[in-house]
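Same order as they appear, the protein sequences are chains U and A.
In terms of my numbering, the first sequence opens at residue 2 and continues consecutively.
In terms of my numbering, the second sequence opens at residue 2 and continues consecutively.
Structure first, commentary second.
Protein chains: 2
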Amino acid sequence: MNDINSSNRIQTTQSHTAAEAAINEWRRTITKLDWNKLPELLDDNVAYRNPASFDALHGKDTLITILRVVFEVFENFTYLRHFSSDIGYVLEFSARVGDENLFGVDLIEFDENGKITDLMVMIRPASVALTLATEVGKRLAASQTTE
Amino acid sequence: MNDINSSNRIQTTQSHTAAEAAINEWRRTITKLDWNKLPELLDDNVAYRNPASFDALHGKDTLITILRVVFEVFENFTYLRHFSSDIGYVLEFSARVGDENLFGVDLIEFDENGKITDLMVMIRPASVALTLATEVGKRLAASQTTE
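Okay, here's the thing in structure tokens:
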């Protein structure tokens with residue numbers, strides 16, 4: 002966990018310029034909670050694999066709706082280490098949910114146009130992932146009944 | 002999640018030859034359950050950050066003891082996507098615990114000698130991470146009382 006700053010450099014190849022630009026825009030968008038910019042980063046049928054369920058959800062609107070609520074619950078969200086491959090990136094983050102601190106990762110894949118096609122999220126400790134899922138589920142249910 | 006095979010190539014710089022050799026040896030060792038070879042890959046004070054607890058455990062023997070039990074519980078363990086950075090690697094895996102399938106990641110850091118100094122593991126779904134932690138805890142407790 003040492004030398005976190007040096008890990009923020011992106012290793013990439015020339016063929017991944019679109020993905021590199023997109024991952025930087027993803028980080029900016031999420032960090033600034035700039036939800037209006039998020040749709041243009043996502044493939045229409047983006048898969049979202051959340052920390053609490055096995056099966057993926059699909060679709061841009063679904064993902065954005067959930068992320069907005071997750072970031073209402075998260076406090077002190079910070080991106081940490083950054084890893085890359087030929088097909089995508091892993092971004093580690095830390096955050097707080099209520100009194101509990103967590104670490105998590107976004108595993109992000111892009112298509113050739115730099116659109117995000119797949120987002121898998123994992124969080125530790127697992128108990129905090131479940132606390133988060135419960136709170137997000139409550140808020141989503143409440144927002145649906147008041148619409 | 003498409004094109005998993007192409008993600009197995011390692012992106013690295015010349016300064017990371019030791020780490021690259023070590024991550025390949027880590028994959029081989031874990032995949033083959035070659036526990037006798039594992040000590041030489043680890044720093045004596047390696048930090049282990051498991052999926053269920055926030056705090057790290059430290060020490061080579063502690064990590065190996067836990068991993069041996071985890072891999073008694075895991076079935077169908079397979080490494081999937083592979084990501085790299087200047088300071089380490091992320092290896093995604095899938096496995097089964099009882100009737101439940103899971104995805105996980107190893108976030109692995111190396112020192113300049115190619116020894117693993119930090120292993121963080123996250124697993125989704127979170128409920129399966131807790132099932133795993135409970136089962137591993139039981140087995141560790143049972144092995145300590147029979148020693």
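Don't be surprised by glycine CBs; every beta carbon is placed ideally from N, CA and C.
To the nearest angstrom, how far is the alpha carbon of A:N77 from that of U:P52? Working through the second sequence from its first residue, we reach residue 77 of chain A at position 76. Working through the first sequence from its first residue, we reach residue 52 of chain U at position 51. If I take the Cα positions, the gap works out to 21 Å.
Would you say A:N6 reaches chain U, if we count a Cβ-Cβ gap shorter than 8 Å as a contact? Within the second sequence, numbered from 1, the residue matching residue 6 of chain A stands at position 5. With a pLDDT of only 40 at A:N6, under 50, the local geometry of the prediction cannot be trusted, and the value read off the model is given with reservation. The Cβ of A:N6 sits no closer than 8 Å to any Cβ of chain U.
DSSP three-state label for A:G89, please. Here residue 89 of chain A corresponds to residue number 88 of the second sequence, with the count starting at 1. It is a strand residue.
For A:G138, does the three-state DSSP call read helix, strand or coil? Here residue 138 of chain A refers to the residue found at position 137 when the second sequence is read from its first residue. Three-state DSSP puts A:G138 in a helix.
Can you pull out the residues from the region 69-86 of chain U whose beta carbon lies closer than 9 Å to at least one beta carbon of chain A? Residues R82, H83, F84, S85 and S86.
Quick check: what's the CA-CA separation for U:S8 versus A:L68? Taking the first sequence and counting its residues from 1, one reaches residue 8 of chain U at position 7. Taking the second sequence and counting its residues from 1, one reaches residue 68 of chain A at position 67. Unreliable placement is indicated for U:S8, whose pLDDT of 38 sits below 50; the coordinate value is still reported in the next sentence. Going by the C-alpha atoms only, they are around 27 Å apart.
Given a cut-off of 8 Å on the beta-carbon distance, is the pair A:M123 and U:M123 in contact? On the second sequence, residue 123 of chain A is found 122 positions in, with the first residue counted as 1. On the first sequence, residue 123 of chain U is found 122 positions in, with the first residue counted as 1. Yes, the pair counts as a contact, with Cβ atoms nearer than the cut-off.
On a Cα-Cα basis, can you pick out the residue from U:K61, U:V98, U:W27 and U:V70 that is closest to U:Y49? Within the first sequence, the letter at position 48 stands for residue 49 of chain U. Considering only alpha carbons, the answer is U:K61.
For A:Y49 and chain U, any beta-carbon pair shorter than 8 Å? Taking the first residue of the second sequence as 1, we reach residue 49 of chain A at position 48. Taking Cβ atoms only, chain U never reaches closer than 8 Å to A:Y49, which makes this a no.
I'd like the list of long-range same chain contacts for A:L64, defined as Cβ closer than 6 Å, with 5 residues on each side in sequence excluded. Position 63 of the second sequence, counted from the first residue, corresponds to residue 64 of chain A. Within the same chain, Cβ atoms closer than 6 Å to the Cβ of A:L64 are found at V47 and Y49, the five residues on either side in sequence being excluded.
Is U:L42 buried or exposed, if buried means 16 or more other CB atoms sit within 10 Å of its CB? Residue numbering aside, residue 42 of chain U sits at position 41 when the first sequence is read from its first letter. Of the residues assessed, U:L42 falls on the buried side of the cut-off, its CB having 16 or more other CB atoms within 10 angstroms.
Distance cutoff 8 Å, beta carbons only. Does A:V91 sit that close to anything in chain U? Counted from its first residue, the second sequence places residue 91 of chain A at position 90. Yes, A:V91 counts as interfacial toward chain U.
So what does DSSP say about U:E101, is it helix, strand or coil? As a first step, residue 101 of chain U is located in the first sequence; it is residue number 100 there, counting from the start. In the structure shown, U:E101 sits in a strand (DSSP, three-state: E or B).
Local conformation of U:L108 per DSSP, three classes: In the first sequence, the residue the question calls residue 108 of chain U occupies position 107. Of the three classes helix, strand and coil, the one that applies to U:L108 here is strand, per DSSP.
With DSSP as the reference, identify every bridge partner of U:E41, one or two as the case may be. Position 40 of the first sequence holds residue 41 of chain U. Residue pairing by DSSP leaves U:E41 without any beta bridge partner.
Using a Cβ-Cβ cut-off of 8 Å, state whether A:L43 counts as contacting chain U. Translated into positions along the second sequence, residue 43 of chain A becomes position 42. No, A:L43 does not count as interfacial toward chain U.
Contacts that A:N102 makes with chain U (C-beta to C-beta distance below 8 Å): Residue mapping note: residue 102 of chain A aligns to position 101 of the second sequence, counting from 1. Per Cβ cutoff of 8 Å: F55.
For U:D45 and U:K38, I'd like the C-alpha separation in whole angstroms. If you number the first sequence from 1, residue 45 of chain U lands on position 44. If you number the first sequence from 1, residue 38 of chain U lands on position 37. For U:D45 and U:K38, the distance between alpha carbons rounds to 14 Å.
Look at the alpha carbon of U:A22 and the alpha carbon of U:R28, and state the distance between them as a whole number of angstroms. Mapped onto the first sequence, residue 22 of chain U falls at position 21. Mapped onto the first sequence, residue 28 of chain U falls at position 27. Roughly 10 Å separates the two Cα atoms.
Taking A:L120 as part of the beta strand (DSSP E), name the residues at either end of that continuous run. What you label residue 120 of chain A is simply residue 119 of the second sequence in a count that begins at 1. DSSP places A:L120 inside the beta strand (DSSP E), whose first and last residues are I117 to R125.
Beta-carbon of U:R125 versus every beta-carbon of chain D: anything under 8 Å? The structure shown contains no chain D; the protein chains it does contain are U and A.
Which of the three DSSP states, helix, strand or coil, is assigned to A:E26? Residue numbering aside, residue 26 of chain A sits at position 25 when the second sequence is read from its first letter. Helix.
Buried or exposed: where does U:D100 fall if 16 or more other Cβ atoms within 10 Å of its Cβ makes it buried? For the purposes of this step, residue 100 of chain U is identified with residue 99 of the first sequence, where counting begins at 1. By the Cβ-count criterion, U:D100 is exposed, with fewer than 16 other Cβ atoms from all chains shown falling within 10 Å of its own Cβ.
Please tell me whether A:L131 has its Cβ less than 8 Å away from any Cβ of chain U. Residue numbering aside, residue 131 of chain A sits at position 130 when the second sequence is read from its first letter. The beta carbon of A:L131 sits closer than 8 Å to some beta carbon of chain U.
I want to see whether chain A comes within less than 8 Å of U:N25, judged by CB atoms only; does it? Start at 1 with the first residue of the first sequence, and residue 25 of chain U comes out as number 24. It does not: the Cβ of U:N25 has no partner Cβ on chain A nearer than 8 Å.
Exposed or buried, U:S144, counting other C-beta atoms within 10 Å across all chains shown (16 or more means buried)? Looking up residue 144 of chain U in the first sequence gives position 143. Residue burial is scored here from C-beta neighbours: U:S144 has fewer than 16 other C-beta atoms within 10 angstroms and is therefore classed as exposed.
Check whether the Cβ atoms of A:A57 and U:A130 lie closer than 8 Å to each other. Numbered from its first residue, the second sequence carries residue 57 of chain A at position 56. Numbered from its first residue, the first sequence carries residue 130 of chain U at position 129. Contact flag unset, no.
The alpha helix (DSSP H) with A:L64 in it runs from where to where? For the purposes of this step, residue 64 of chain A is taken as residue 63 along the second sequence, with counting starting at 1. Residues K61 to V74.
Among the candidates U:V137, U:R82, U:D107 and U:F75, whose CA atom is the shortest distance from the CA of A:R125? Counted from its first residue, the second sequence places residue 125 of chain A at position 124. Considering only alpha carbons, the answer is U:D107.
Would you mind telling me which residues of chain A sit closer than 7 Å to U:N95, beta carbon to beta carbon, in chain order? By one-based count along the first sequence, residue 95 of chain U stands at place 94. Just to set this straight, residue 95 of chain U is Ser in the shown sequence, not Asn. Under the 7 Å cutoff, chain A gives no residues; its nearest Cβ is about 11 Å from U:S95.
Proximal residues to A:V137 (C-beta, below 8 Å), its chain only, five neighbours per side dropped: In the second sequence, the residue the question calls residue 137 of chain A occupies position 136. Cβ neighbours of A:V137 within its own chain (closer than 8 Å, five residues either side excluded): I67, V70, V71 and V74.
If we call anything under 8 Å between Cβ atoms a contact, is A:I109 one with A:Y80? Your numbering for residue 109 of chain A matches position 108 in the second sequence. Your numbering for residue 80 of chain A matches position 79 in the second sequence. With respect to the 8 Å criterion, A:I109 and A:Y80 are not classified as neighbours on the basis of their beta carbons.
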